[in-house]
Amino acid sequence: MHNFLIGRMEPWFDVQTNLEKTVRRAVEAMSISHTEFDASVRLADPRFGDFQVNGSLSYAKKNQQNPREVAARVIEQLKADDSLDESLEISIAGPGFINFTLKTAFLLNWLKTYSSEEHLKASSRELYRDETFVVDFSSPNAAKQMHVGHIRTIVIGEAICRMLSFCGANVIRDNHMGDWGTQYGKILYGYKHFLDSKALATDPLEELERLYKKANAVTEEDPEALNEARQELVQLQNGDPQNIALWEKVNKLSLEAIDEIYQKLDVHFDHYLGESFYRDKVEQVYQELTELKIAEESKGAMVVFHPEHRRFATQPFIIRKSDGASNYASTDLATMLYRTEHFKTDHIIIITDSRQSDHFEQLHLTTQKWFEATNRKLPHFHHVTFGTILGEDGKAIKTRSGDSIRLKELLVEAEERAHAIVNDKNPDLPPKEAAEIASAVGVGALIYADLSQNRTGDYVFAWDKLLSLEGNTAPYLLYAAARIHSIFRKAGIDASSLPLEEITELETPEEQNLARKLIAFVSNLNQTATSLRPHILCTYLYELAGVFSSFYNNNKVLVNDNEIKARRLLLCHRTLIILETGLHLLSIRTLKRM
RNA sequence: GUCCCCAUAGUUUAAUGGAUAGAACCGUGGUUUCCUAAACCAUUAAUCCGAGUUCGAUUCUCGGUGGGGGCACCA
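So the number in the working numbering is just where the residue sits in the first sequence, counting from 1, plus 11.
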């Protein structure tokens with residue numbers, strides 16, 4: 012464990028967690044049960060300090076004592092702990108809050124110590140050290156264009172992967188493509204009946220989409236066509252060579268188009284184990300679940316009920332269709348098994364919109380029973396949900412319901428809008444650099460717009476909202492970082508040559524506010540990574556950029572006084588690395604100039 | 001019918017049961033001989049309704065109202 016003492020060792024990287032351990036020790040030493048005294052340390056309102064503990068209030072009430080007196084006794088006990096020293100100020104406030112304020116010597120020491128993105132990463136890995144996560148995200152349906160509704164799982168998934176990995180986890184990114192479902196019956200049916208080969212040659216994805224839509228419309232009208240489409244799927248699943256060849260062709264075209272979007276968003280996968288990968292693995296699922304009497308036959312289909320469960324006692328989990336074909340429940344069960352046995356994973360995270368909650372709850376319940384009965388270790392399962400992107404009509408934007416905006420188109424529009432602003436603000440940039448800036452700003456704004464709000468809510472699609480470039484947006488953060496780069500360029504100073512030993516004290520309120528905000532990075536990152544809610548990190552970065560902007564406007568960095576200059580350059584540089592680290596965790600490209 | 005999610009300034013939103021509910025956009029007014037004004041500073045304005053639990057409720061419980069979604073072979 013790091014020691015808190017200045018000068019002896021590295022200062023605590025994660026002050027909050029270490030402080031909480033210390034408080035817990037103090038409370039134990041007072042013979043108070045941890046169930047009675049909530050020792051949680053939380054970030055405090057900056058008006059009161061850096062951290063806060065409010066356990067004395069409820070403890071005092073329960074035990075009919077004076078909360079301020081309880082707080083005073085806890086503080087006395089804390090002062091006896093030798094991992095704390097004079098770098099921390101502890102005080103009682105209001106009805107009995109314990110406030111902790113880091114003294115500036117500690118802030119400075121922390122800033123001097125944690126000096127690069129790599130160093131921050133190395134120090135953050137305790138949270139998920141050595142834990143394995145399979146993260147299943149994006150997972151689009153092959154042969155359909157991605158539209159605006161698909162952006163959420165991609166950007167949330169990518170950000171979560173980056174954060175987990177930053178915090179020490181072994182992350183396996185798996186794109187569970189919908190490449191084996193019923194839609195293939197329709198695509199094959201469409202391909203065989205309505206193909207325009209000329210159109211396929213010029214714009215394959217467009218034509219495939221048209222075929223799918225056409226087949227979908229026809230099968231909705233005509234039960235016989237629907238039956239034929241289902242037969243195509245059954246034949247595909249039975250390995251009919253012609254259908255398999257067609258299926259492979261469709262997938263190849265589809266993947267190429269999807270990949271372009273991943274490249275723009277800087278998203279990568281370790282595996283593309285789509286539903287088709289599990290096609291020879293569903294038999295085992297049927298067999299085991301039947302033998303274990305977890306699954307039963309109902310109306311010709313194989314289903315699982317959960318009688319003990321209010322909702323799923325009567326709502327079936329259909330794991331094999333009555334025509335014998337698999338569906339997504341079949342492949343998802345096989346996927347649970349594969350991820351558990353092959354990847355030996357500790358956690359499975361699946362990122363989809365909240366409308367699929369029932370499905371994944373049923374999947375989880377079923378897997379629990381299945382694994383328990385077969386002595387398999389069940390990984391922690393997290394269904395990370397998000398709200399739906401709605402159209403103007405308040406209904407989900409869907410490909411089926413007609414012309415929704417393509418993701419590809421949205422990305423182009425984002426870059427174009429940003430390009431216009433770049434040309435306006437900074438007309439002298441070389442065209443190539445202007446284009447690069449526009450791309451980072453436009454795509455970054457789009458990603459940030461989605462990540463910066465709590466993922467559970469729905470929202471109505473609006474160009475201006477997603478592509479906004481003012482206020483709490485990516486460009487604001489990118490701009491703050493670009494200005495810092497500009498300072499170092501102007502000064503002709505390299506960050507590695509900062510004369511750290513000459514820096515002795517933080518003086519102005521802006522310097523101190525900035526330093527406090529920088530140290531709060533750790534707590535915010537931890538909270539984001541534990542709750543899997545990227546908007547917490549966004550809010551933090553936005554506040555950090557705001558505190559920096561105030562500092563920048565009030566405290567000139569490049570002054571003649573070398574001591575002042577050195578400490579302000581230190582603050583600038585540490586702000587830069589934390590801003591850049593944060594933006595990279597969100598999958599946003601950073602810029603040296605804007 | 002039943003179950004799930006959501007409800008905060010005009011708009012978009014934040015707040016692990018804590019201190020005076022925090023921002024952004026819009027509006028209004030101000031800041032540039034000075035490191036990038038894509039900036040900074042100031043200013044108006046909000047917890048859907050009703051009970052309950054609690055020292056303390058935007059947060060938890062119950063009951064309403066309004067919106068969205070799931071519920072047999074789509075994913």
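Backbone N, C-alpha and C define an ideal beta-carbon position, used for all residues, glycine too.
How many angstroms separate the CA atom of residue 411 from the CA atom of residue 397? Sequence index remark: in the first sequence, residue 411 carries index 400 (1-based). Sequence index remark: in the first sequence, residue 397 carries index 386 (1-based). Confidence is the limiting factor: at residue 411 the pLDDT is only 44, short of 50, which leaves the residue's position unreliable, though a coordinate-based value still follows. If I take the Cα positions, the gap works out to 20 Å.
If you run the structure through DSSP and keep just helix, strand and coil, what is residue 375? Against the first sequence, residue 375 aligns to sequence position 364. Three-state result, residue 375: helix.
Residue 523 by DSSP, collapsed to three states: which one? In the first sequence, counting from the first residue as 1, residue 523 sits at position 512. Helix, per DSSP.
Residue 589 versus 569, 566, 554 and 576, residue with shortest Cα-Cα distance: Working through the first sequence from its first residue, we reach residue 589 at position 578. Answer by Cα proximity: 554.
Using the beta-carbon count (16 or more within 10 Å), is residue 20 buried or exposed? Position 9 of the first sequence holds residue 20. Flag for residue 20 reads exposed.
Is the segment 157-168 touching the segment 416-423, taking contact as three or more C-beta pairs under 8 Å? yes
How do the segment 319-327 and the segment 358-377 stand: do at least 3 beta-carbon pairs fall below 8 Å, yes or no? yes
Could you round the C-beta distance between residue 122 and residue 581 to whole angstroms and report it? I think they count as a contact, below 8 Å. Start at 1 with the first residue of the first sequence, and residue 122 comes out as number 111. Start at 1 with the first residue of the first sequence, and residue 581 comes out as number 570. Sure, about 6 Å apart at Cβ, within 8 Å.
How about residue 586 and residue 509: are their beta carbons less than 8 Å apart? Here the question's residue 586 lines up with position 575 in the first sequence. Here the question's residue 509 lines up with position 498 in the first sequence. No, the Cβ-Cβ distance between residue 586 and residue 509 is not below 8 Å.
Can the beta-carbon of residue 393 be found less than 8 Å from the beta-carbon of residue 360? Here the question's residue 393 lines up with position 382 in the first sequence. Here the question's residue 360 lines up with position 349 in the first sequence. In this structure, residue 360 lies closer than 8 Å to residue 393 by Cβ.
Could you check the C-alpha separation between residue 573 and residue 511 for me, to the nearest Å? Residue numbering aside, residue 573 sits at position 562 when the first sequence is read from its first letter. Residue numbering aside, residue 511 sits at position 500 when the first sequence is read from its first letter. Their Cα atoms are separated by approximately 12 Å.
Contact under 8 Å by Cβ, residue 112 with residue 100: As a working mapping, residue 112 is identified with position 101 in the first sequence. As a working mapping, residue 100 is identified with position 89 in the first sequence. For residue 112 and residue 100, yes; Cβs fall inside 8 Å.
Between residue 458 and residue 599, how many whole angstroms is the CB-CB distance? I'm expecting something under 8 Å. On the first sequence, position 447 is the one that residue 458 refers to. On the first sequence, position 588 is the one that residue 599 refers to. Residue 458 to residue 599, Cβ: 6 Å. Contact.
Would you mind working out which of 319, 88 and 601 sits nearest residue 486, comparing C-alpha positions? Against the first sequence, residue 486 aligns to sequence position 475. Here the closest residue by C-alpha is 601.
Top-ranked residue by Cα proximity to residue 583, from 524, 542 and 548: Working through the first sequence from its first residue, we reach residue 583 at position 572. Residue 524 is the option with its Cα nearest to residue 583.
Measure the alpha-carbon distance for residue 163 versus residue 564 and round it to whole angstroms. Stepping through the first sequence from its first residue, residue 163 is reached at position 152. Stepping through the first sequence from its first residue, residue 564 is reached at position 553. Approximately 36 Å, taken between the alpha carbons.
How far does the beta strand (DSSP E) with residue 249 in it reach, from first residue to last? Position 238 of the first sequence holds residue 249. Unbroken run through residue 249: none, as it is neither H nor E.
Where residue 235 falls: helix, strand or coil (DSSP): Working through the first sequence from its first residue, we reach residue 235 at position 224. In this structure, residue 235 counts as helix in the three-state DSSP scheme.
Between the beta-carbon of residue 257 and the beta-carbon of residue 215, is there less than 8 Å? What you label residue 257 is simply residue 246 of the first sequence in a count that begins at 1. What you label residue 215 is simply residue 204 of the first sequence in a count that begins at 1. No. Outside cutoff.
Buried versus exposed, by CB contacts within 10 Å (16 or more), residue 474: Taking the first residue of the first sequence as position 1, residue 474 is located at position 463. It counts as exposed.
As a quick exercise: from 150, 25, 169 and 133, pick the residue whose alpha carbon is nearest that of residue 596. Position 585 of the first sequence holds residue 596. Here the closest residue by C-alpha is 169.
Can you tell me whether residue 435 is helix, strand or coil according to DSSP? Taking the first sequence and counting its residues from 1, one reaches residue 435 at position 424. Helix at residue 435.
Verify whether the separation of the beta carbon atoms of residue 150 and residue 109 is less than 8 Å. Within the first sequence, residue 150 is the residue found at index 139, counting from 1. Within the first sequence, residue 109 is the residue found at index 98, counting from 1. For residue 150 and residue 109, no; Cβs fall outside 8 Å.
Taking 8 Å as the threshold (C-beta atoms), are residue 254 and residue 242 in contact? Here residue 242 refers to the residue found at position 231 of the first sequence. Here residue 254 refers to the residue found at position 243 of the first sequence. Going by C-beta atoms, residue 242 is not nearer than 8 Å to residue 254.
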